[in-house]
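Below: one structure, written as structure tokens.
4 protein chains.
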Amino acid sequence: MTGMATERTAILLMHCADQQGLVAAISEFIARNEGNIVYLDQHVDERRGIFFMRVEWELARFRVAVEAIDKAFDEAIGQRFGMHWTLSFSDEVPRIAIMVSRLPHCLYDLLSRWQSGEWRVEIPVLISNHEDLGDVAEQFGLPYHVLPVTPENKAHQEQRLLELLRAQRVDLIVLARYMQILGPQLIANYPNRIINIHHSFLPAFPGARPYHNAHARGVKIIGATSHYATAELDAGPIIAQDVVHITHRDPVEELIRKGRDLEKLVLARAVWAHIQRKVLCYENRTVIFD
Amino acid sequence: MTGMATERTAILLMHCADQQGLVAAISEFIARNEGNIVYLDQHVDERRGIFFMRVEWELARFRVAVEAIDKAFDEAIGQRFGMHWTLSFSDEVPRIAIMVSRLPHCLYDLLSRWQSGEWRVEIPVLISNHEDLGDVAEQFGLPYHVLPVTPENKAHQEQRLLELLRAQRVDLIVLARYMQILGPQLIANYPNRIINIHHSFLPAFPGARPYHNAHARGVKIIGATSHYATAELDAGPIIAQDVVHITHRDPVEELIRKGRDLEKLVLARAVWAHIQRKVLCYENRTVIFD
Amino acid sequence: MTGMATERTAILLMHCADQQGLVAAISEFIARNEGNIVYLDQHVDERRGIFFMRVEWELARFRVAVEAIDKAFDEAIGQRFGMHWTLSFSDEVPRIAIMVSRLPHCLYDLLSRWQSGEWRVEIPVLISNHEDLGDVAEQFGLPYHVLPVTPENKAHQEQRLLELLRAQRVDLIVLARYMQILGPQLIANYPNRIINIHHSFLPAFPGARPYHNAHARGVKIIGATSHYATAELDAGPIIAQDVVHITHRDPVEELIRKGRDLEKLVLARAVWAHIQRKVLCYENRTVIFD
Amino acid sequence: MTGMATERTAILLMHCADQQGLVAAISEFIARNEGNIVYLDQHVDERRGIFFMRVEWELARFRVAVEAIDKAFDEAIGQRFGMHWTLSFSDEVPRIAIMVSRLPHCLYDLLSRWQSGEWRVEIPVLISNHEDLGDVAEQFGLPYHVLPVTPENKAHQEQRLLELLRAQRVDLIVLARYMQILGPQLIANYPNRIINIHHSFLPAFPGARPYHNAHARGVKIIGATSHYATAELDAGPIIAQDVVHITHRDPVEELIRKGRDLEKLVLARAVWAHIQRKVLCYENRTVIFD
Numbered sequence: 001m002t003g004m005a006t007e008r009t010a011i012l013l014m015h016c017a018d019q020q021g022l023v024a025a026i027s028e029f030i031a032r033n034e035g036n037i038v039y040l041d042q043h044v045d046e047r048r049g050i051f052f053m054r055v056e057w058e059l060a061r062f063r064v065a066v067e068a069i070d071k072a073f074d075e076a077i078g079q080r081f082g083m084h085w086t087l088s089f090s091d092e093v094p095r096i097a098i099m100v101s102r103l104p105h106c107l108y109d110l111l112s113r114w115q116s117g118e119w120r121v122e123i124p125v126l127i128s129n130h131e132d133l134g135d136v137a138e139q140f141g142l143p144y145h146v147l148p149v150t151p152e153n154k155a156h157q158e159q160r161l162l163e164l165l166r167a168q169r170v171d172l173i174v175l176a177r178y179m180q181i182l183g184p185q186l187i188a189n190y191p192n193r194i195i196n197i198h199h200s201f202l203p204a205f206p207g208a209r210p211y212h213n214a215h216a217r218g219v220k221i222i223g224a225t226s227h228y229a230t231a232e233l234d235a236g237p238i239i240a241q242d243v244v245h246i247t248h249r250d251p252v253e254e255l256i257r258k259g260r261d262l263e264k265l266v267l268a269r270a271v272w273a274h275i276q277r278k279v280l281c282y283e284n285r286t287v288i289f290d
Numbered sequence: 001m002t003g004m005a006t007e008r009t010a011i012l013l014m015h016c017a018d019q020q021g022l023v024a025a026i027s028e029f030i031a032r033n034e035g036n037i038v039y040l041d042q043h044v045d046e047r048r049g050i051f052f053m054r055v056e057w058e059l060a061r062f063r064v065a066v067e068a069i070d071k072a073f074d075e076a077i078g079q080r081f082g083m084h085w086t087l088s089f090s091d092e093v094p095r096i097a098i099m100v101s102r103l104p105h106c107l108y109d110l111l112s113r114w115q116s117g118e119w120r121v122e123i124p125v126l127i128s129n130h131e132d133l134g135d136v137a138e139q140f141g142l143p144y145h146v147l148p149v150t151p152e153n154k155a156h157q158e159q160r161l162l163e164l165l166r167a168q169r170v171d172l173i174v175l176a177r178y179m180q181i182l183g184p185q186l187i188a189n190y191p192n193r194i195i196n197i198h199h200s201f202l203p204a205f206p207g208a209r210p211y212h213n214a215h216a217r218g219v220k221i222i223g224a225t226s227h228y229a230t231a232e233l234d235a236g237p238i239i240a241q242d243v244v245h246i247t248h249r250d251p252v253e254e255l256i257r258k259g260r261d262l263e264k265l266v267l268a269r270a271v272w273a274h275i276q277r278k279v280l281c282y283e284n285r286t287v288i289f290d
Numbered sequence: 001m002t003g004m005a006t007e008r009t010a011i012l013l014m015h016c017a018d019q020q021g022l023v024a025a026i027s028e029f030i031a032r033n034e035g036n037i038v039y040l041d042q043h044v045d046e047r048r049g050i051f052f053m054r055v056e057w058e059l060a061r062f063r064v065a066v067e068a069i070d071k072a073f074d075e076a077i078g079q080r081f082g083m084h085w086t087l088s089f090s091d092e093v094p095r096i097a098i099m100v101s102r103l104p105h106c107l108y109d110l111l112s113r114w115q116s117g118e119w120r121v122e123i124p125v126l127i128s129n130h131e132d133l134g135d136v137a138e139q140f141g142l143p144y145h146v147l148p149v150t151p152e153n154k155a156h157q158e159q160r161l162l163e164l165l166r167a168q169r170v171d172l173i174v175l176a177r178y179m180q181i182l183g184p185q186l187i188a189n190y191p192n193r194i195i196n197i198h199h200s201f202l203p204a205f206p207g208a209r210p211y212h213n214a215h216a217r218g219v220k221i222i223g224a225t226s227h228y229a230t231a232e233l234d235a236g237p238i239i240a241q242d243v244v245h246i247t248h249r250d251p252v253e254e255l256i257r258k259g260r261d262l263e264k265l266v267l268a269r270a271v272w273a274h275i276q277r278k279v280l281c282y283e284n285r286t287v288i289f290d
Numbered sequence: 001m002t003g004m005a006t007e008r009t010a011i012l013l014m015h016c017a018d019q020q021g022l023v024a025a026i027s028e029f030i031a032r033n034e035g036n037i038v039y040l041d042q043h044v045d046e047r048r049g050i051f052f053m054r055v056e057w058e059l060a061r062f063r064v065a066v067e068a069i070d071k072a073f074d075e076a077i078g079q080r081f082g083m084h085w086t087l088s089f090s091d092e093v094p095r096i097a098i099m100v101s102r103l104p105h106c107l108y109d110l111l112s113r114w115q116s117g118e119w120r121v122e123i124p125v126l127i128s129n130h131e132d133l134g135d136v137a138e139q140f141g142l143p144y145h146v147l148p149v150t151p152e153n154k155a156h157q158e159q160r161l162l163e164l165l166r167a168q169r170v171d172l173i174v175l176a177r178y179m180q181i182l183g184p185q186l187i188a189n190y191p192n193r194i195i196n197i198h199h200s201f202l203p204a205f206p207g208a209r210p211y212h213n214a215h216a217r218g219v220k221i222i223g224a225t226s227h228y229a230t231a232e233l234d235a236g237p238i239i240a241q242d243v244v245h246i247t248h249r250d251p252v253e254e255l256i257r258k259g260r261d262l263e264k265l266v267l268a269r270a271v272w273a274h275i276q277r278k279v280l281c282y283e284n285r286t287v288i289f290d
């Protein structure tokens with residue numbers, strides 16, 4: 001558990017074509033340099049022949065200086081195996097921008113996790129296409145930017161949004177029931193770094209008004225799906241999903257009410273997995289290390 | 001609980017346009033005739049303005065003779081309120097035909113519930129489009145009819161199937177992973193009396209190979225759906241659904257394995273609800289009394 | 001759904017010895033006075049021979065004046081059947097006191113449901129035995145009373161607490177991870193009106209440190225239980241319970257983290273059921289109408 | 001997934017005091033000998049300082065002969081790290097004895113998984129303290145031994161049982177609702193090789209009549225727990241648990257009915273984990289590799 005390590009750790013997420021000796025080489029690199037592994041999980045997608053791994057080790061006695069690890073790892077392992085990898089450190093605090101529209105339930109949930117110290121993150125900015133939730137931002141002492149979107153100003157607002165995100169050095173964008181389709185430039189600039197919550201168990205009921213569609217179809221479960229936003233709507237890599245049982249007694253309003261609790265829970269799980277560096281994407285799918 | 005009543009009971013399932021005094025009139029009809037209500041559940045779909053009710057009462061001291069109840073109820077209540085209703089009795093034993101193809105897990109589960117006395121039903125006949133599961137039928141002492149279906153003989157086989165079902169006075173057909181689309185005549189003859197199990201959380205992944213499609217999409221849950229078969233494939237009224245969580249570690253084979261347990265459970269729940277007379281259909285939806 | 005009715009409704013919760021004609025008499029009373037039933041659920045505990053019912057009807061055209069309904073019902077039904085019953089109205093707004101100690105997650109959740117208008121309740125007062133969460137109260141604009149409890153001042157503080165609750169005309173007390181045993185007088189004064197959240201699936205792991213005990217026992221699920229507080233610790237009538245799966249990978253800290261989400265969800269469900277007047281208690285058990 | 005490997009694999013389950021270089025040494029041992037790792041999962045219990053690992057590799061090109069692996073591994077790794085380890089091979093077929101009393105639901109479920117080929121196991125013998133389920137054994141073509149137990153013959157019958165198990169070279173004993181406490185000698189002879197199913201979410205409701213106790217306590221969930229049998233009743237290491245929601249509508253009979261489905265599912269999951277060599281025990285807890 002990253003969250004449990006009291007010492008500073010290094011975290012490697014990697015994937016490459018499966019080949020013999022991968023685990024041995026990686027763990028030998030860490031052991032040779034006196035790193036103590038506290039987490040190692042490996043997965044092979046046999047159909048696709050891809051190797052995935054997350055490894056985390058304590059840095060206290062590690063012989064390679066923190067700023068030299070990536071070069072050392074790349075030379076020893078990365079190049080040799082043709083590996084895609086990212087290195088991060090447990091003491092890096094992610095900077096999150098939250099985007100909302102009018103519904104506050106996910107926003108309250110995220111902000112209370114931040115404010116109470118449950119999550120060690122920074123939230124430098126809230127962004128919305130509506131004025132409505134400005135009071136919540138103020139109550140939590142956060143800046144609130146309103147960027148209303150119309151067909152005419154869409155491109156312009158996307159540009160302003162990008163500038164804002166850059167100025168705030170944002171690592172992750174969380175769409176907390178932001179009911180506006182993102183522009184392609186934004187998505188291209190934050191690959192696998194925009195987390196959305198959709199209020200159905202995708203791929204069922206994509207698009208607008210999923211609860212109404214669920215009610216019309218007479219399903220016995222409703223769900224929520226958190227995924228990375230991609231150019232194709234509601235089709236990005238799924239990070240977390242959950243469902244709740246409903247009955248014929250539940251009118252649409254009740255689906256919406258029950259769904260709200262699910263949405264905030266599933267979104268929080270997805271964001272938590274991401275900030276723990278436990279999510280790895282490939283071919284529109286995710287590997288979630290647990 | 002029907003299953004719990006030690007005495008013989010009458011069960012009424014009804015629905016009609018919502019109007020004042022319905023519950024009063026129905027319960028007064030039963031009370032006046034000295035029936036003791038052991039179950040009453042009522043539901044109003046406010047959007048559609050439809051009233052639904054299931055009521056069950058003990059017949060021990062009921063003043064109306066069993067064979068005269070339907071006439072008495074129709075005159076006192078049914079006609080007055082323009083009601084759709086069905087009357088049944090707790091001691092009627094449903095006759096079930098099970099249809100299978102090659103996968104045995106649902107079949108074993110249904111047969112063991114029957115043979116152990118968990119369900120009070122009769123299973124006069126097993127029908128398949130393949131020879132494969134004949135041994136299982138024999139082991140449980142049941143007749144096994146093979147009706148192989150080809151594009152050429154489809155209409156003819158459907159006719160034979162209908163004759164077989166009629167000859168056996170079948171009340172309910174359970175498609176226990178029967179991998180063949182039913183003919184329109186069969187469906188028309190058994191409205192809301194053919195229960196199918198589909199191996200996904202419909203409406204996600206209809207049609208063939210849902211586990212492969214679920215794996216390709218990278219979902220984090222898989223499901224099973226039991227529904228009444230209608231003319232439109234995988235689109236009939238849903239009776240029961242459930243899901244199970246999966247991870248990136250699960251290859252398609254593992255989805256199939258985990259799904260199997262879900263399928264037999266969800267199918268059994270749907271059949272149980274039906275034979276307890278707790279399912280009421282309208283507008284391609286179900287009311288499931290609990 | 002009370003929450004869905006746009007018109008003002010009356011709600012009756014009742015139980016009595018089971019006897020013939022109960023439903024007929026009650027529904028006839030409402031129908032005769034031109035009330036339109038929007039919810040009726042009835043349950044008979046056959047073992048104990050107890051009848052339970054929740055009925056809700058629209059008052060728009062009801063012939064009995066609101067202030068005269070209890071007298072009229074008591075004369076027509078209540079006395080005749082020896083019934084325990086409570087009458088309430090959908091437009092009555094419950095006044096809730098929240099008691100906390102140091103953990104904020106349930107508090108944030110409750111306050112956000114209130115502030116966002118998800119729940120139509122009033123929260124006139126927050127009470128704690130610690131200073132810690134005063135900032136959260138202030139942020140939401142609510143008065144925060146600190147009543148530190150020591151063995152010496154326990155009786156005195158209970159008296160102050162009672163006065164505070166009375167002065168604020170509190171209908172319901174929610175113990176949102178309040179880590180102090182309540183005094184007997186308080187419990188006696190608010191029977192079935194104090195809702196607690198316990199961080200285990202009771203009756204497993206009562207008392208202190210349930211997550212540590214769960215971890216030591218090696219269970220594969222953890223849970224949360226919301227119940228009415230009674231004189232016996234962790235033994236009151238259970239309103240809501242839920243669980244989440246854990247694995248050997250989860251250290252105690254992770255159980256605490258996962259449990260937090262469960263606690264706030266289960267507590268919210270229990271409070272919601274209570275304020276919807278859907279909970280009825282008898283013999284240390286609850287009937288939860290849905 | 002062991003079950004998925006088409007080639008023969010070796011499986012190592014190991015634990016020892018946590019120390020640096022463990023993963024490197026183990027994976028290097030396999031890589032050096034040309035083994036291709038298809039599964040590796042590692043876990044460190046930081047509180048206790050224990051390292052756990054399951055590793056599985058293909059034997060096709062492995063340079064060490066199958067019968068020499070244990071010696072080679074012990075010399076290279078086992079002794080060096082003071083490791084507890086067990087080696088097995090994917091083509092070893094476990095021999096399971098099933099013990100039952102009068103309830104057939106778990107038995108049917110286990111036998112159908114075996115007979116249909118879902119599980120690759122052998123079931124050389126069924127044992128019971130009652131005659132009742134002999135017909136089921138016969139139907140599945142299996143020998144059925146009745147060993148009735150009385151206070152007088154308990155020691156003698158345990159001896160006969162042990163002889164029977166030895167004669168059949170039984171690897172695993174599954175107590176499929178066997179309602180008789182096992183003798184200490186049997187338990188001592190099959191450590192972590194006797195799997196029991198208990199019909200509650202332990203540690204809640206240990207001992208007899210858990211459903212009656214659950215109903216009396218008014219819980220909102222019931223559960224089932226599968227665990228290894230130890231000398232202390234219902235206190236052995238938990239392998240699998242699951243729960244199902246219930247309501248006030250469910251009388252004890254309905255808890256028993258709903259529980260039955262849970263019991264067979266949870267027992268099957270536990271047996272499956274065991275025969276996949278994915279369970280490792282220590283200090284009355286289990287590590288379940290997934």
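Chains as they are written, first to last, in full-length UniProt numbering: chain A, 1 to 290; chain B, 1 to 290; chain C, 1 to 290; chain D, 1 to 290. Ideal Cβ placement from N, Cα and C applies to all residues, glycine included. Values in this document were obtained by computation on a predicted structure and should not be read as measured data.
query = Would you report the Cα separation of valine 126 of chain D and asparagine 192 of chain D, rounded to the nearest angstrom?
reply = One-based indexing of the fourth sequence puts residue 126 of chain D at position 126. One-based indexing of the fourth sequence puts residue 192 of chain D at position 192. Looking at the sequence shown, residue 126 of chain D is not valine but leucine. Cα to Cα, leucine 126 of chain D sits roughly 19 Å from asparagine 192 of chain D.
task = Spell out whether any CB of chain B is found under 7 Å from the CB atom of glutamine 42 of chain D.
result = The residue you call residue 42 of chain D lines up with position 42 of the fourth sequence. Chain B contact via Cβ: absent.
task = Along the alpha helix (DSSP H) that carries arginine 95 of chain B, what are the first and last residues, could you check?
result = In the second sequence, the residue the question calls residue 95 of chain B occupies position 95. Element bounds for arginine 95 of chain B: not the alpha helix (DSSP H) but the beta strand (DSSP E), 95 to 100.
ask   = Which one or two residues does DSSP pair with histidine 212 of chain B in a beta bridge?
value = Counting from one through the second sequence, the residue named residue 212 of chain B turns up at place 212. For histidine 212 of chain B, which the question treats as bridged, DSSP gives no partner whatsoever.
ask   = Does the distance from the C-beta atom of histidine 245 of chain B to that of threonine 225 of chain B stay below 7 Å?
value = Within the second sequence, numbered from 1, the residue matching residue 245 of chain B stands at position 245. Within the second sequence, numbered from 1, the residue matching residue 225 of chain B stands at position 225. Cβ distance not < 7 Å, so histidine 245 of chain B and threonine 225 of chain B don't count as in contact.
inquiry  = By DSSP's criteria, cysteine 106 of chain B is part of a beta bridge. Which residues make up the other side?
reply    = Along the second sequence, one-based indexing puts residue 106 of chain B at 106. Within the DSSP secondary-structure output, cysteine 106 of chain B pairs in no beta bridge.
query = Should residue 299 of chain D be labelled buried (16 or more other beta-carbon atoms within 10 Å of its own) or exposed?
reply = The structure shown does not extend to residue 299 of chain D, since chain D is modelled only from 1 to 290, so the question has no answer here.
ask   = Quick one: any contact between the stretch 172 to 184 of chain A and the stretch 218 to 236 of chain A, if contact means 3 or more CB pairs under 8 Å?
value = yes
Members of the stretch 258 to 285 of chain A that neighbour chain B once the beta carbon cut-off is set at 8 Å = Correct list: Asn284 and Arg285.
key: Contacts around glutamate 122 of chain D, its chain only, beta-carbon distance under 6 Å, and the 5 residues preceding and following it disregarded   = The residue given as residue 122 of chain D occupies position 122 in the fourth sequence. Excluding sequence neighbours, glutamate 122 of chain D sits near Val93 and Arg95.
ask   = What are the residues of the UniProt domain "ACT" (11 to 83) of chain D that lie near chain C, defined by any Cβ-Cβ distance shorter than 9 Å?
value = His43, Asp45, Glu46, Arg47 and Phe52
inquiry  = Quick check on phenylalanine 89 of chain D: does DSSP put it in helix, strand or coil?
reply    = Counting from 1 along the fourth sequence, the entry for residue 89 of chain D is found at position 89. Strand at phenylalanine 89 of chain D.
query = Would you say serine 101 of chain A faces chain C, with C-beta separation under 7 Å as the test?
reply = Residue 101 of chain A sits at position 101 when you count from the first residue of the first sequence. No, serine 101 of chain A lies away from the interface with chain C (no Cβ there is under 7 Å from its Cβ).
task = Going by DSSP, name the residue or residues bridged to arginine 285 of chain A.
result = Here the question's residue 285 of chain A lines up with position 285 in the first sequence. According to DSSP, arginine 285 of chain A bridges with A:Tyr282.
request  = Whole angstroms is fine: what's the gap from valine 146 of chain C's alpha carbon to leucine 110 of chain A's?
outcome  = On the third sequence, residue 146 of chain C is found 146 positions in, with the first residue counted as 1. On the first sequence, residue 110 of chain A is found 110 positions in, with the first residue counted as 1. Approximately 27 Å, taken between the alpha carbons.
request  = Would you kindly report the start and end of the unbroken alpha helix (DSSP H) that includes isoleucine 69 of chain C?
outcome  = Counting from one through the third sequence, the residue named residue 69 of chain C turns up at place 69. 69 to 73 is the span of the alpha helix (DSSP H), which, as asked, contains isoleucine 69 of chain C.
query = In this structure, what does DSSP give as the bridge partners for glutamate 144 of chain C?
reply = Taking the third sequence and counting its residues from 1, the one referred to as residue 144 of chain C is at position 144. In the sequence as displayed, the identity of residue 144 of chain C is tyrosine instead of glutamate. Paired residue(s): C:Leu126.
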